[in-house]
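Before any comments, here is the structure.
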Amino acid sequence: MLSTLEAKVVILGSQGVGKTSLVTRYISKTFSPNSTSTIGASFMTKKLTVDNCKVRLQIWDTAGQERFRAMAPMYYRGAQAALLVYDITSHESFREMHSWIEELKRNMNEELVIVVVANKLDMAATRREVQLEDAREYVTRVLGPDTPLYEVSAKEDDGTIEDIFLHITRVLVDRKQYLPRDRRMQPSKTLVDEPPAQQTSCCGIV
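So the sequence shown is numbered by the numbering used here: it starts at 16 and just counts up by one.
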């Protein structure tokens, strides 16, 4: 009999870095260049099976606008994992990531799984402002050498976005971390229908 795990993953970052596009690419395998800014937060789910464990990810996509910043704690509270997203073409979005890191350190425990994601890799050839080497040095210094850093494109995904969520899920399954049903936050914004459950192998979705 398979064990079960329910985990909460929060997506944090400045406005316009492509948080919603990343989640949409992962959940529905689509990309919309005209997606609107998230208000408050949206809530999506994903079911998969990893290492003989059924997993249901609660993915909370938070708003990046400053006026919604005070609401962020209610969305990331209780999370087991956080994706910190910045825009490769915006050094400002990279600098602003520091405030999210400091906030998480103040309010979350050390067991929080953190992954740093640099979005808009498809634009890096002509508009890159954040060099990969600089980002790696910063992430290693501030979050530790074991913190993953991925450069991705939600527009032209090559499967890396799926790898990010698979990595998070495997870490949580290995740690036996979960979100107890009696502590789950109820979605206060958009609720998206769950896609059919998918199986994963050691190499990803099959």
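Built from N, CA and C at the ideal position, the CB exists for glycine as well.
For clarity, every value in this text was computed on a predicted model and none was experimentally measured.
Quick check: the Cα distance between residue i and residue j, rounded to an integer number of angstroms?
| i | j | result |
| --- | --- | --- |
| lysine 191 | valine 145 | 35 Å |
| leucine 143 | arginine 92 | Note on identity: in this sequence residue 143 is arginine, with leucine being the wrong assignment. Using only the alpha carbons, I get a separation of about 33 Å. |
| glutamate 148 | arginine 71 | 34 Å |
| arginine 185 | lysine 23 | 14 Å |
| serine 36 | leucine 181 | 18 Å |
| histidine 113 | aspartate 161 | 18 Å |
| glutamate 21 | arginine 121 | 24 Å |
| alanine 169 | methionine 138 | 11 Å |
| valine 32 | valine 65 | 29 Å |
| threonine 155 | valine 38 | 25 Å |
Which one or two residues does DSSP pair with residue i in a beta bridge?
| i | result |
| --- | --- |
| glutamate 21 | Arg71 |
| aspartate 173 | In the DSSP output, where bridge partners are listed per residue, aspartate 173 has none listed. |
| isoleucine 26 | Asp76 and Leu98 |
| alanine 133 | Tyr101 and Glu166 |
| valine 128 | Ala96 |
How would you call residue i, buried or exposed, if buried means at least 16 neighbouring beta carbons within 10 angstroms?
| i | result |
| --- | --- |
| lysine 135 | buried |
| arginine 40 | buried |
| alanine 140 | exposed |
| leucine 27 | buried |
| serine 43 | exposed |
| threonine 104 | buried |
| arginine 199 | In this prediction, arginine 199 scores a pLDDT of 41, lower than 50, which makes its location untrustworthy; the coordinate-derived value is nonetheless stated afterwards. So arginine 199 counts as exposed. |
| threonine 45 | exposed |
With DSSP collapsed to three states, give me the class of residue i.
| i | result |
| --- | --- |
| glutamate 118 | helix |
| serine 57 | strand |
| leucine 63 | strand |
| valine 145 | coil |
| phenylalanine 46 | coil |
| proline 160 | coil |
| methionine 138 | helix |
| lysine 191 | coil |
| valine 154 | helix |
**OP:** Would you check if there are 3 or more beta carbon pairs closer than 8 Å linking the stretch 127–146 to the stretch 58–66?
**Re:** no
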